[in-house]
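Chemist: In terms of UniProt numbering, the sequence shown opens at residue 1 and continues consecutively.
Below is the structure I would like to discuss, written out as structure tokens.
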Amino acid sequence: MAARGLYRAAAWPAVQTEAGNGPDARGLRVLRGWMQPLLWRERWKLLAVLALSLLAVAAGLAQPLLTKALIDEGVLARDAGAIVRSGAAMVALALAALGIGLACRRLHVLASMRILHGLKEALFAHLLALSPAFHAQARQGDLMARLEGDLGEVQRFAIDSMLTALNAVLTLVGTVLVLGLLNGELMLMLAVLVALNALLSALIRPRLEALSRRARQAGVEVSSFLVERLGAVKHIQAHVAEAREGEQLAALHAALRRESLRLQLLGQLGGGLPTLLVSLGVIGIFVAGSLAMLRGEAVTLGLLVAFASCVQRASAPVQTLTGLVLAWQRAKVAMERITDLTARQPDVAPRPGGAGLDGLRGEIELRDLRFTWPGSARPALEALSCRIPAGSRVLLRGPSGCGKSTLVDLLHRHFDPDQGRVLLDGTDLRTLDRDALRRRVAVVAQEAALFGGTLEANLRYGRPEATREAVERAAEAAGVTEFLPQLPQGLDSVVGPRGATLSGGQRQRVALARALLMNPAVLVIDEGTSALDEALELRTLRRIGALLPGCTRIVVSHRSTHEGEFDQVIELPGPAVEQRS
């Protein structure tokens, strides 16, 4: 249809495919507005995780002290009782740490998943509110990558990484305090190690950010390619392009491997250097401590072992904090891509307290209607005025690109006109409740959108509470009952993804029945019977008239065979409105 082409040509702000300017401020406010109530809802779980983390840190820090006591007061002093007491305490602490870890993990996973799912549901609802023009130009694979990948990165950093960082900081601070109690001079060696790690992180961070962005974009290219190609398998087969598409996927995979390898190697280097520094630190502690023991200084074997154990224990939080640098770079890129979506606003927002549609008759009036798609030099509709009486039958026709489907979009309030007004029963559509309007004005498009599931579930999509009798009446009027015996389980038959088990004409009849079941005051059929032969189309139009005698019916079609069935013919472009009795 013309509208779909216009959607693609329209100059709406493009979806960013490669970020780089930081998160959008407005989009960040929207994302924060989604996150705050989710955090508040899970606050008790998160606080419990924090408390359990403190206990786990305390249990871990007690182990080196018990090790010192075991060696100095037990082994070296030849005190069996001290050995048993220290060993029992170490076992008890290990078991307690295991229990604390399991409880902490359970609460953490529950809170984290609920927050992630809440964010996904909010972003999904936001995407559903954006205009068809946005979705016509957005790459579905890219949107899926943002929903599944980028949103997860943001959530993991905001919740998981922050809790991990807090735990690492507590462990590091506690370890430093214990080291200070054991030996102040040796503690300075740990301070040098931490400073060196911080310096390395600062040097690596800019390169990590650039590589993270490029790797993410390479992954998006693969996802988008797969979604687009798997949705056009028949077209690919018709052009014998299977081998060519396989080669293109291989090239995209090669680019993804290249960028991912660079990112992983730099990340490994950033994580491996702290490990090397810790190993050097442990060696240095043993050398310095051993020399001190030879000089007769107050350094015991237990102190040396406990100190080395503390340094090794400190290596984990140091590595964790270093790894957070890489996590932050990934999260920053992901946040840029998410806020690019959250910053976008619907072209037509719901009107709080908009006028209801009780007792709607279905009279439509267009007054000096003008609309131009953004970026287009030619108006799609210009100075269009006409009146469609309630309950009348109207044929809307004209050459491709003349604005027929644009007018349908305005009637359904996917967009508002640049100038002029669309009146329904004398009321401007912009003052009406948008959702109530769409329930009373049903549109049947040329491409029938069906979902995986049963035929009856698809018929009930617009009116889930409809009775079985109402479903059957709508199915009969739309001609669905004519092919129903061919289906293995009738209305309970599964139609497959996008109605793949049905023919084009059958899908159109299902979409038509779905609209009829809504009992609309205005029914718009936008090439929605184009796959039916003329005789079947005529029978269907007459059955619709019998089922909904007071409904205003607008049929958008290139055909002129059934002109006698209509009260009014509107030709686009042009001001002429031909009246027929």
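All residues carry an ideal CB built from backbone N, CA and C; glycine is no exception.
Which value, in whole angstroms, describes the spacing of the CA atoms of residue 118 and residue 124?
Modeler: C-alpha separation (whole angstroms): 10 Å.
Chemist: Inspect the CB distances between the stretch 252 to 270 and the stretch 207 to 219 and report whether three or more fall short of 8 Å.
Modeler: Flag = yes, the stretch 252 to 270 and the stretch 207 to 219 touch.
Chemist: Please report the straight-line C-alpha distance between residue 71 and residue 92, rounded to a whole angstrom.
Modeler: Distance between the alpha carbons of residue 71 and residue 92 is about 18 Å.
Chemist: Beta-carbon separation of residue 456 and residue 471 under 8 Å?
Modeler: Contact: yes.
Chemist: What is the rounded straight-line gap between the Cα of residue 502 and the Cα of residue 527?
Modeler: One C-alpha to the other measures close to 18 Å.
Chemist: Suppose you measure from the CA of residue 520 to the CA of residue 378; what does that come to, to the nearest Å?
Modeler: About 33 Å.
Chemist: For residue 380, which of helix, strand or coil comes out of DSSP?
Modeler: Of the three classes helix, strand and coil, the one that applies to residue 380 here is coil, per DSSP.
Chemist: With distances taken Cα to Cα, identify the nearest neighbour of residue 531 among 317, 254, 393, 504.
Modeler: It is 504.
Chemist: For residue 448, does the count of other Cβ atoms within 10 angstroms reach 16, so buried, or fall short, so exposed?
Modeler: The residue in question, residue 448, is buried, as its Cβ has 16 or more Cβ neighbours within 10 Å.
Chemist: Which same chain residues end up closer than 8 Å to residue 53 when comparing Cβ atoms and leaving out the 5 residues on each side of it in sequence?
Modeler: Counting only Cβ-Cβ distances below 8 Å, and skipping sequence neighbours, we find 104, 163, 166, 167, 170.
Chemist: Report yes or no: do the stretch 402 to 419 and the stretch 131 to 146 share at least 3 C-beta pairs separated by less than 8 Å?
Modeler: A contact exists between the stretch 402 to 419 and the stretch 131 to 146.
Chemist: Using the beta-carbon count (16 or more within 10 Å), is residue 44 buried or exposed?
Modeler: Exposed, since its Cβ has fewer than 16 Cβ neighbours within 10 Å.
Chemist: Please report the straight-line C-alpha distance between residue 56 and residue 273, rounded to a whole angstrom.
Modeler: Distance between the alpha carbons of residue 56 and residue 273: 27 Å.
Chemist: Which residue spans inside the stretch 197 to 242 form an unbroken alpha helix (DSSP H) run of at least 4?
Modeler: You should have 233 to 238.
Chemist: Using a Cβ-Cβ cutoff of less than 8 Å, which residues in the same chain neighbour residue 391 once the five nearest sequence positions on both sides are dropped?
Modeler: 361, 362, 549, 550, 551, 552.
Chemist: With C-beta atoms as the reference, is residue 146 less than 8 Å away from residue 211?
Modeler: Going by C-beta atoms, residue 146 is not nearer than 8 Å to residue 211.
Chemist: Measure the alpha-carbon distance for residue 373 versus residue 404 and round it to whole angstroms.
Modeler: So the two alpha carbons sit approximately 13 Å from each other.
Chemist: Between which residues of its own chain and residue 493 is the CB-CB distance below 7 Å, once the five residues before and five after are set aside?
Modeler: Cβ within range, chain order: 454, 455, 487.
Chemist: In this structure, does DSSP put residue 527 in helix, strand or coil?
Modeler: Three-state result, residue 527: coil.
Chemist: Tell me, which residues are paired with residue 552 by DSSP?
Modeler: Paired residues: 522.
Chemist: To the nearest angstrom, how far is it from the Cα of residue 491 to the Cα of residue 537?
Modeler: The alpha-carbon atoms of residue 491 and residue 537 are separated by roughly 22 Å.
Chemist: Quick one: any contact between the stretch 325 to 345 and the stretch 143 to 161, if contact means 3 or more CB pairs under 8 Å?
Modeler: Counting Cβ pairs under 8 Å, three or more are found: they touch.
Chemist: Does the stretch 388 to 402 come into contact with the stretch 562 to 571, if we say contact requires no fewer than three beta-carbon pairs (one atom in each stretch) closer than 8 Å?
Modeler: Short answer: they touch.
Chemist: With burial defined as no fewer than 16 other Cβ atoms inside 10 Å of the residue's Cβ, what is the status of residue 290: buried or exposed?
Modeler: Counting Cβ neighbours within 10 Å, residue 290 comes out exposed, since fewer than 16 surround it.
Chemist: Taking only the alpha-carbon atoms, compute the straight-line gap between residue 466 and residue 345 and give it to the nearest angstrom.
Modeler: The straight-line gap from Cα to Cα measures roughly 33 Å.
Chemist: Figure out for me which residue from 529, 384, 58 has the closest Cα to the Cα of residue 419.
Modeler: Selected option, being the one with the closest Cα: 384.
Chemist: For the ligand ZN, is there a heavy atom less than 7 Å away from the beta-carbon of residue 215?
Modeler: Annotation note on the ligand ZN: not contained in the displayed structure, which lists no ligands.
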